[in-house]
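> Residue 48 is where the sequence shown starts when you use this note's numbering, and the numbers rise one by one after that.
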Amino acid sequence: MDGPLPLVVLAASLLFAAVVLVYVVLDRTPDWGLLGVAAVVEAATLVLLVVAAVQVGGVDLSGGGVVTLFGYLVAGLVLLPLGFVWSLAERSRGATAVLMVAGLAQAFVIVRVMAVWP
């Protein structure tokens with residue numbers, strides 16, 4: 048996965064977490080704007096998954112590298128929707144903070160994807 052795509056997804060995930068932090072500080076619950084930002088991060092992660100699937104045949108991932116790579120990418124696709132379900136079900140400041148943690152976890156997953164990719 049050469050190129051700027053993983054870094055763009057990482058930056059988008061961190062930006063999402065920062066925006067959610069503002070929501071937590073202002074004691075606001077998630078709204079459609081925040082859902083839109085999350086959708087952009089999800090779409091970028093999905094593009095990253097497709098690019099990895101196309102390029103994985105041309106690289107040497109030893110051991111369980113392929114499973115690890117796609118495990119991280121699938122986890123990245125699941126984190127934000129789960130965080131949103133939680134934050135919309137509870138509608139509290141703490142639940143909004145859970146969404147921020149999901150954004151940070153998304154960023155960590157992308158860092159791990161970049162570490163696994165040779």
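Glycine is no exception: its CB is placed at the ideal position from the N, C-alpha and C atoms.
These figures come from a predicted structure and were not determined experimentally.
On the DSSP letters alone, give me the boundaries of the alpha helix (DSSP H) that L54 sits inside.
As a position in the sequence shown, residue 54 is number 7, starting the count at 1. From DSSP, the alpha helix (DSSP H) with L54 extends over 52 to 72.
> Secondary structure at G110, three-state DSSP: helix, strand or coil?
Taking the sequence shown and counting its residues from 1, the one referred to as residue 110 is at position 63. Of the three classes helix, strand and coil, the one that applies to G110 here is coil, per DSSP.
> Which term fits E89, buried or exposed, when burial requires 16 or more other beta carbons within 10 angstroms of its beta carbon?
Start at 1 with the first residue of the sequence shown, and residue 89 comes out as number 42. Looking at its Cβ environment, which holds 16 or more other Cβ atoms inside 10 Å, E89 is buried.
> Please state the DSSP three-state secondary structure of P128.
For the purposes of this step, residue 128 is identified with residue 81 of the sequence shown, where counting begins at 1. P128: helix per DSSP, three-state reduction.
> I need the straight-line Cα distance from V101 to L95, nearest angstrom please.
Along the sequence shown, one-based indexing puts residue 101 at 54. Along the sequence shown, one-based indexing puts residue 95 at 48. Rounded to whole angstroms, V101 to L95 spans 10 Å at the Cα level.
> Out of T143, A149, Q153, P165, state which residue places its alpha-carbon closest to the alpha-carbon of V72.
Here the question's residue 72 lines up with position 25 in the sequence shown. It is T143.
> Between G130 and V145, how many whole angstroms is the CB-CB distance? I'm expecting something under 8 Å.
Here residue 130 refers to the residue found at position 83 when the sequence shown is read from its first residue. Here residue 145 refers to the residue found at position 98 when the sequence shown is read from its first residue. With 8 Å as the limit, G130 and V145 qualify as a contact, their Cβ atoms being about 6 Å apart.
> Exposed or buried, V69, counting other C-beta atoms within 10 Å across all chains shown (16 or more means buried)?
As a working note, residue 69 is residue 22 in the sequence shown. The residue in question, V69, is exposed, as its Cβ has fewer than 16 Cβ neighbours within 10 Å.
> Give me, in chain order, the residues of the same chain whose beta-carbon lies closer than 7 Å to that of S60; leave out the 5 immediate sequence neighbours on both sides.
Along the sequence shown, read from residue 1 onward, the residue named residue 60 stands at position 13. V88, G150, Q153, A154, I157.
> Roughly how many whole angstroms lie between the Cα atoms of L52 and G83?
Counting from 1 along the sequence shown, the entry for residue 52 is found at position 5. Counting from 1 along the sequence shown, the entry for residue 83 is found at position 36. Their Cα atoms are separated by approximately 19 Å.
> Leaving aside the five residues before and after V55 along the sequence, list all residues of the same chain whose C-beta is less than 8 Å from its C-beta, in chain order.
Position 8 of the sequence shown holds residue 55. The residues are A91.
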